[in-house]
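Participant: Dropping the structure in here first, questions after.
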Amino acid sequence: MKQQTLHEIFGNYIKQQSIFKNKDVLSHSYIPDITLHRDNQITQLASILSPALKGNKISNLFIYGKTGSGKTLVTKYVASELEKQSNKIKTFYLNCKMKRVADTEYRLIAELSRMLGCSIPPTGLPTDEIYRKFYEAIDLEEKNIILILDEIDALVKKIGDDVIYNLTRINQELKKAKISFIGISNDITFTETLDPRVRSSLSEEEILFPPYNATQLKDILTQRTKEAFAEGTLESTVIPKCAALAAQEHGDARKALDLLRLAAEIAEREGSTKICLDHVDKAEDKLDTDKTVELVKTQPKQSLAVLSATINLVERGQQNIQTGDIFEVYQEICKRGGLKILTQRRISDLISEFDMLGIINTRVISKGRYGRTREIRLPLSKPLIEKIKKVLAENYIL
DNA sequence: GTCAATTCACATGAAAGAGACCACGGTCTAGTG
DNA sequence: CTAGACCGTGGTCTCTTTCATGTGAATTGACGA
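Residue numbers for the first sequence follow this note's numbering, so the first one is 45 and each next one is one higher.
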């Protein structure tokens, strides 16, 4: 019986004509031939990088703009075109936000060295040894190396700006090669937090990527849908809707593409041959939920206990939840679950981590005579909370 | 009524410890010719 | 003689604790009008 239905599902799937013509076009990593509405930035970037073609060192460059504004796309594109022009130019791209790649100074340098082709053990060597190997690897040939550090703000937040300072000074030690940096950040205020020395050497040039507006997003989506979908699968209102939703969120092209892809997937799963508004709504819902649930799943037990305490308090209907309240409930949860109880200091950090992840909202408030604390709110919808509770239950914390 | 001092309940920072992981070099051991 | 197992040393990484310092407005209490 069960096998019968499975058979049907697979059978139907094969029979069904796919909505997608080429799904990859909608993925983040896809680089289209023509990047729309970024001519200005491409020209700027190209003119800053072009001295490399004559073997000169280019200025270090700092690029900023919100997520999904095309920074990475444009930079990668221009870099690869540049590389094609001259074999003396090598560009490397590193996303600093990737876990286990740039968590520490050691790992960052080790990863960079690996890109340059030397093999570095994941741990066990002194850091200055790694630096030495890194220098050697760079200076092997007479090359102009351009290092693109994406999400550089995450890097600095984790390990401080010393590394950047060290990196920008490498050139003085190099005999043959030259190295330049392109830092990409979506935090516009980021450079202000840097050490002035680092700031001046890192951002000799700057390029700003403004967010896309709804019309521009529409163009981008239209461009991609031509390749991604078979003709006539889109209802005419779908693209404007996706564009509008993404434009609300600081013009995030990535989100627009995600929405469209997910809407199409949902439509396909429902057996529909057309993508309509309803699918977009569902996609938006799912996009938010999935992101949060996945995030929660990756959290360690202690953090889950803290989250559980928060949900517990919210469901009891308590107003103005404070760090102290959470700590009390958390202790109970630990006792029941046989978990080690961490100090309030640590819990305070865990709470602010959740805040950064956007799972909870916190605000530091001073209540005068009655102290200073964080006021914590849970901005999640009921169904989402239920899903999170399921995750907690799976981890035996509830 | 005004104004400075006090006070609370944490926030935030810095340093340091514990326990995990890993590389490396030296030593030991068993197997081979 | 040699390959592989094993061990000690020295390094990093992550999570955590401990200790110290900071913070901002409600409250308090002294003071003067």
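For each residue, glycine too, the CB sits at the ideal point set by N, CA and C. This one's a predicted model, so the numbers in the text were calculated from it and none came from an experiment.
Determine the closest residue to K220 out of L184, N139, G161, with distance taken between C-alpha atoms.
Facilitator: Indexing the first sequence from 1 puts residue 220 at position 176. If we check each option's Cα against that of K220, L184 comes out closest.
Participant: I need the straight-line Cα distance from T171 to K384, nearest angstrom please.
Facilitator: Residue 171 sits at position 127 when you count from the first residue of the first sequence. Residue 384 sits at position 340 when you count from the first residue of the first sequence. Using only the alpha carbons, I get a separation of about 34 Å.
Participant: With a threshold of 8 Å on Cβ separation, who are the neighbours of L156 within its own chain once the five nearest residues in sequence on each side are excluded?
Facilitator: Sequence index remark: in the first sequence, residue 156 carries index 112 (1-based). The residues are F136, L138, F178, L191.
Participant: Thinking C-alpha only, which one of K426, I391, R380 is nearest P344?
Facilitator: The sequence position of residue 344 within the first sequence is 300, counting from 1. The residue with the shortest Cα to Cα distance from P344 is I391.
Participant: Just to confirm the assignment: which complete beta strand (DSSP E) runs, minimum length 3, are found wholly within the stretch 240-323?
Facilitator: The qualifying runs are 249-253.
Participant: Taking its Cβ as the centre, do 16 or more other Cβ atoms sit within 10 Å of A437, making it buried, or is it exposed?
Facilitator: Here residue 437 refers to the residue found at position 393 when the first sequence is read from its first residue. Looking at its Cβ environment, which holds fewer than 16 other Cβ atoms inside 10 Å, A437 is exposed.
Participant: My guess is that E195 and S229 are in contact by the Cβ rule of under 8 Å, so how many angstroms apart are they, rounded?
Facilitator: For the purposes of this step, residue 195 is identified with residue 151 of the first sequence, where counting begins at 1. For the purposes of this step, residue 229 is identified with residue 185 of the first sequence, where counting begins at 1. Correct: roughly 7 Å between the Cβ atoms.
Participant: Looking at the secondary structure, which residues open and close the alpha helix (DSSP H) in which F178 lies?
Facilitator: Mapped onto the first sequence, residue 178 falls at position 134. Where F178 is concerned, the enclosing alpha helix (DSSP H) stretches over 171-182.
Participant: Would you tell me roughly how many angstroms separate the C-alpha atoms of I78 and F273, rounded to the nearest one?
Facilitator: In the first sequence, counting from the first residue as 1, residue 78 sits at position 34. In the first sequence, counting from the first residue as 1, residue 273 sits at position 229. Their backbone Cα atoms lie some 18 Å apart in a straight line.
Participant: Could you check how far apart the C-beta atoms of P17 and G295 are, in whole angstroms? I think they sit under 8 Å.
Facilitator: The structure shown does not extend to residue 17, since the chain is modelled only from 45 through 442, so no value can be given for it.
Participant: Buried or exposed for Y414, going by 16 or more other Cβ atoms inside 10 Å?
Facilitator: Numbered from 1 along the first sequence, position 370 holds the residue referred to as residue 414. Label assigned to Y414: exposed.
Participant: So, with DSSP's three-state summary, where would you put L105?
Facilitator: For the purposes of this step, residue 105 is taken as the residue at position 61 of the first sequence. It is a strand residue.
Participant: Measuring straight from C-alpha to C-alpha, what distance separates Q260 and L80?
Facilitator: Taking the first sequence and counting its residues from 1, the one referred to as residue 260 is at position 216. Taking the first sequence and counting its residues from 1, the one referred to as residue 80 is at position 36. The straight-line gap from Cα to Cα measures roughly 8 Å.
Participant: Is the beta carbon of S396 closer than 9 Å to that of T406?
Facilitator: To locate residue 406, count along the first sequence from 1; it is residue 362. To locate residue 396, count along the first sequence from 1; it is residue 352. In contact: T406 and S396 (Cβ atoms closer than 9 Å).
Participant: Between R151, Q88, T116, which lies nearest to Y74 when the distance is taken from Cα to Cα?
Facilitator: Indexing the first sequence from 1 puts residue 74 at position 30. Minimum Cα distance to Y74 is reached at T116.
Participant: Does DSSP classify T367 as helix, strand or coil?
Facilitator: On the first sequence, residue 367 is found 323 positions in, with the first residue counted as 1. Here T367 sits in helix by DSSP.
Participant: Count the other CB atoms within 10 Å of the CB of E312; is the residue buried (16 or more) or exposed (fewer)?
Facilitator: Here residue 312 refers to the residue found at position 268 of the first sequence. Classification of E312: buried, given that the 10 Å Cβ count is 16 or more.
Participant: Nearest by alpha-carbon distance to R421: which of D325, E236, V358 is it?
Facilitator: Stepping through the first sequence from its first residue, residue 421 is reached at position 377. Of D325, E236, V358, the residue nearest in Cα terms is V358.
Participant: What are the start and end residues of the beta strand (DSSP E) that includes K222?
Facilitator: In the first sequence, counting from the first residue as 1, residue 222 sits at position 178. Residues 222-229.
Participant: Just to confirm, is the Cβ distance from I102 to S94 under 9 Å?
Facilitator: Along the first sequence, one-based indexing puts residue 102 at 58. Along the first sequence, one-based indexing puts residue 94 at 50. Contact: yes.
Participant: Closest to E419 by CA distance: which of I370, T333, I429, K434 is it?
Facilitator: Indexing the first sequence from 1 puts residue 419 at position 375. Ranking the options by Cα distance to E419, first place goes to I370.
Participant: Which class does T119 belong to by DSSP, given the choice of helix, strand or coil?
Facilitator: In the first sequence, the residue the question calls residue 119 occupies position 75. In this structure, T119 counts as helix in the three-state DSSP scheme.
Participant: Under a three-way DSSP split, which group does N356 fall into?
Facilitator: Position 312 of the first sequence, counting from 1, holds the residue named residue 356. Three-state DSSP puts N356 in a helix.
Participant: Using the Cα positions of T233 and S316, report the straight-line distance between them to the nearest angstrom.
Facilitator: One-based indexing of the first sequence puts residue 233 at position 189. One-based indexing of the first sequence puts residue 316 at position 272. The straight-line gap from Cα to Cα measures roughly 45 Å.
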